[in-house]
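Number of protein chains: 2
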Amino acid sequence: MRYLDVAADLRSEIGSGRVGALPSEAELGERHGVSRVTVRRALEILRDEGLVDSRRGSGWFVRSDPIRQSLGRVTTIEAALEAAGARPDRHVLEFAFESAPEAVAKDLGLAVDAEVLRVVRLNLADDEPFALVTVWLPAALGASVSRADVERATFSDLLPLHGVEPGRIVQTIAATAADRAEARRLHGHVGDPLLACRRVTYDRSGAAVMVSEHRYPARSTALEVEFPLSTPGGTHG
Amino acid sequence: MRYLDVAADLRSEIGSGRVGALPSEAELGERHGVSRVTVRRALEILRDEGLVDSRRGSGWFVRSDPIRQSLGRVTTIEAALEAAGARPDRHVLEFAFESAPEAVAKDLGLAVDAEVLRVVRLNLADDEPFALVTVWLPAALGASVSRADVERATFSDLLPLHGVEPGRIVQTIAATAADRAEARRLHGHVGDPLLACRRVTYDRSGAAVMVSEHRYPARSTALEVEFPLSTPGGTHG
DNA sequence: CAGTGGTCTAGACCACTGG
DNA sequence: CAGTGGTCTAGACCACTGG
Chain E
22 MRYLDVAADL
32 RSEIGSGRVG
42 ALPSEAELGE
52 RHGVSRVTVR
62 RALEILRDEG
72 LVDSRRGSGW
82 FVRSDPIRQS
92 LGRVTTIEAA
102 LEAAGARPDR
112 HVLEFAFESA
122 PEAVAKDLGL
132 AVDAEVLRVV
142 RLNLADDEPF
152 ALVTVWLPAA
162 LGASVSRADV
172 ERATFSDLLP
182 LHGVEPGRIV
192 QTIAATAADR
202 AEARRLHGHV
212 GDPLLACRRV
222 TYDRSGAAVM
232 VSEHRYPARS
242 TALEVEFPLS
252 TPGGTHG
Chain F
22 MRYLDVAADL
32 RSEIGSGRVG
42 ALPSEAELGE
52 RHGVSRVTVR
62 RALEILRDEG
72 LVDSRRGSGW
82 FVRSDPIRQS
92 LGRVTTIEAA
102 LEAAGARPDR
112 HVLEFAFESA
122 PEAVAKDLGL
132 AVDAEVLRVV
142 RLNLADDEPF
152 ALVTVWLPAA
162 LGASVSRADV
172 ERATFSDLLP
182 LHGVEPGRIV
192 QTIAATAADR
202 AEARRLHGHV
212 GDPLLACRRV
222 TYDRSGAAVM
232 VSEHRYPARS
242 TALEVEFPLS
252 TPGGTHG
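Next up, the structure:
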């Protein structure tokens with residue numbers, strides 16, 4: 022898809038530190054040998070990712086905002102950090118098969134004592150920790166995943182390689198205070214506010230394939246969620 | 022915008038109970054007197070909203086597993102408390118017209134010194150505070166809202182009564198530590214972790230009509246969000 | 001004013017579906 | 001096979017920006 026190529030090009034340019042105004046749509050079209058419509062399609066993808074924005078009559082610009090994650094895409098924290106010029110890194114802190122904790126077993130539809138792979142990983146940007154992630158996979162799926170795999174790639178990149186077609190994701194979001202282990206690993210202090218997300222990922226058939234818990238220090242991130250339309254009634258707003 | 026008209030038409034048809042296959046893009050184009058590209062643009066908006074999906078070579082279909090509860094989920098905090106048998110209550114702590122703070126003015130598309138209505142409200146369940154909400158409305162809209170209105174009803178119930186057709190909502194979610202005022206009002210302690218949400222509500226025409234900030238003590242709540250499909254690449258999962 | 005993004009059109013080619 | 005969605009093009013008109 023040409024529009025994906027154009028988007029990837031621009032994304033990596035932005036990731037390499039490009040700031041300010043982008044060339045006009047017309048010029049981008051000439052440069053990439055595509056029509057203006059295709060350029061726009063690419064730019065709108067990047068806009069959805071929060072990387073660029075446009076001003077009518079003026080042009081397209083690289084966004085300088087603090088890191089945001091568009092949850093319509095759940096996927097961009099690392100990408101956004103990368104785009105902001107930060108050097109991403111991952112450290113696998115734990116990698117072990119164990120008995121599924123009750124809540125995990127329930128979410129994965131397994132027996133309580135079923136075996137699961139548990140991975141704890143620290144995500145860094147410029148050597149600064151910004152997310153502590155714990156992932157549980159059913160043993161059958163975890164068996165084909167190596168520690169090196171986990172160090173190298175994201176789980177959402179890994180799953181498709183192991184025959185899982187990712188489907189919907191249900192995320193629960195809360196605030197917690199950092200405990201001793203979290204504080205140590207995130208280079209913070211006990212009691213620091215953390216954004217705590219718990220995700221259950223399903224495959225296209227509707228079966229749960231992964232449970233993950235994410236801890237973000239308050240300083241480092243904000244999630245952004247967009248709802249197309251409000252439904253009547255029942256809000257506390 | 023014609024594509025918004027087409028999207029609105031289809032949305033209301035689906036809202037009225039339409040199920041199964043939609044007419045082909047070509048036929049929808051003829052029916053609405055627009056080109057196929059415009060039809061697709063409308064359909065892709067509805068896809069983003071989780072209302073429809075397509076199969077290449079086959080057609081577009083109304084989704085039967087409604088993904089729409091994403092917002093329903095976020096708005097059910099009070100409803101869930103009620104369902105759990107808790108007695109809900111609201112106290113209006115502040116109700117005043119004032120100069121818009123810079124960030125609010127920007128989100129509402131107002132001049133920095135424009136007048137806005139600022140309301141601070143505490144939501145309780147069984148006399149226990151569970152949410153501290155600050156709402157800003159443009160003065161023109163706020164002028165028709167009384168303090169009693171705000172005490173009695175939610176803003177999402179109020180807006181339609183004042184001619185606002187609610188559209189999309191963009192929510193930013195973060196964790197913070199309670200400051201002195203927040204701690205006092207939420208019956209907690211300074212430094213307690215809070216889930217901090219900032220919402221911008223738009224009307225159907227895309228104009229921002231309300232900005233709100235929500236503080237939930239960690240003990241009381243978690244937001245649940247569902248995403249229809251994960252997108253490839255770039256996650257930290 | 002020239003240049004820009006926002007929208008829209010008519011037409012094309014392709015891969016795919018399903019009879 | 002005819003019909004469908006996915007992608008792409010060249011061209012157009014408009015509102016808006018900013019010198």
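Those sequence lines, one after another, are chains E and F.
The first sequence begins at 22 in the working numbering and counts up by one.
The second sequence begins at 22 in the working numbering and counts up by one.
Backbone N, C-alpha and C fix where the C-beta goes; we use that ideal spot for every residue, glycine too.
Note that the coordinates shown come from a computational prediction; the quantities given were computed from them, not determined experimentally.
Query, Result
"Cβ-based burial, Leu112(E) [other Cβ within 10 Å; buried from 16]", "Strictly speaking, residue 112(E) in this sequence is His, with Leu absent from that position. It is exposed - the Cβ of His112(E) has fewer than 16 other Cβ atoms within 10 Å."
"Beta-carbon contacts of Ile35(E) that lie in its chain and below 8 Å, excluding the five residues immediately before and after", "Leu67, Leu72, Val73, Val83 and Ala104"
"Gly130(E) beta carbon less than 8 Å from that of Ala229(E)", "yes"
"Within-8 Å CB hit, Leu25(F) to chain E", "no"
"Simplified DSSP state of Ala63(E), which is helix, strand or coil", "helix"
"Sequence-distant residues of its chain with Cβ nearer than 6 Å to Arg62(E) (five each side left out)", "Tyr24"
"Exposure label - Val133(E); buried when at least 16 CB within 10 Å", "exposed"
"Where the beta strand (DSSP E) through Pro150(F) begins and ends", "Glu149 to Pro159"
"Residue environment, Pro214(E), which counts as buried when at least 16 other CB atoms sit within 10 Å", "buried"
"Per DSSP, cross-strand counterpart(s) of Ala135(E)", "Ala135(E) pairs with nothing; no bridge assigned."
"Buried versus exposed, by CB contacts within 10 Å (16 or more), Leu92(E)", "With a pLDDT of 44 at Leu92(E), under the threshold of 50, the modelled position of this residue cannot be trusted; read the value that follows with caution. It counts as buried."
"Gly212(E): contacting residues in chain F (beta-carbon distance under 7 Å)", "Gly212"
"Straight-line gap, Val55(E) to Ala124(F) (C-alpha atoms, nearest Å)", "38 Å"
"Straight-line gap, Leu11(F) to Arg32(F) (C-alpha atoms, nearest Å)", "The structure shown does not extend to residue 11(F), since chain F is modelled only from 22 to 258, so the question has no answer here."
"Check: Arg77(E) C-beta below 7 Å from any heavy atom of the ligand MG", "By its list of ligands, the structure shown contains no ligand whatsoever, and the ligand MG lies outside what it can speak to."
"Beta carbon of Ala29(F) nearer than 8 Å to that of Ala239(E)", "no"
"Straight-line gap, Glu51(F) to Val171(F) (C-alpha atoms, nearest Å)", "46 Å"
"Contact list for the stretch 190 to 201 of chain E against chain F, Cβ threshold 9 Å", "Ile190, Val191, Gln192, Thr193, Ile194, Ala195, Ala196, Thr197, Ala198 and Ala199"
"Below-8 Å beta-carbon distance, Ala63(F) vs any chain E residue", "no"
"Contact set between the stretch 140 to 169 of chain F and chain E, restricted to residues whose Cβ is under 8 Å from the partner", "Asn144, Ala152, Val154 and Val156"
"Counted within 10 angstroms of its Cβ, other Cβ atoms place Val27(F) as buried (16 or more) or exposed", "buried"
"8 Å Cβ cutoff, Ala239(E) in contact with chain F", "yes"
"Sub-8 Å separation of Glu115(F) and Val137(F) beta-carbons", "no"
"Completely contained beta strand (DSSP E) runs for the stretch 202 to 227 of chain F, where each covers 3 or more residues", "214 to 224"
"Val40(F) burial status per 10 Å Cβ neighbour count (16 or more: buried)", "exposed"
"Beta-ladder partner(s) of Pro109(E), from DSSP", "Ala146(E)"
"Proximal chain F residues relative to Leu215(E), where beta-carbon distance stays under 8 Å", "Ala196 and Pro214"
"Buried versus exposed, by CB contacts within 10 Å (16 or more), Gly38(E)", "exposed"
"Top-ranked residue by Cα proximity to Ser177(F), from Ala161(F), Val156(F) and Ala160(F)", "Val156(F)"
"Backbone secondary structure at Arg173(E) - three-state DSSP", "helix"
"Whole-number beta carbon distance between Ile194(E) and Thr222(E), since they are thought to touch under 8 Å", "No, Thr222(E) and Ile194(E) are not in contact; Cβ-Cβ is about 15 Å, not under 8 Å."
"DSSP-derived helix/strand/coil call for His183(E)", "coil"
"Between the CA atoms of Pro150(E) and Thr175(E) - distance to the nearest angstrom", "16 Å"
"Beta-carbon spacing of Arg206(F), Asp147(F) below 8 Å", "no"
"Cut-off 7 Å between Cβ atoms - residues of its own chain near Arg168(F), not counting five sequence neighbours on either side", "Val113 and Phe116"
"Own chain residues within Cβ distance below 7 Å of Ala47(E), not counting five before or after", "Arg57"
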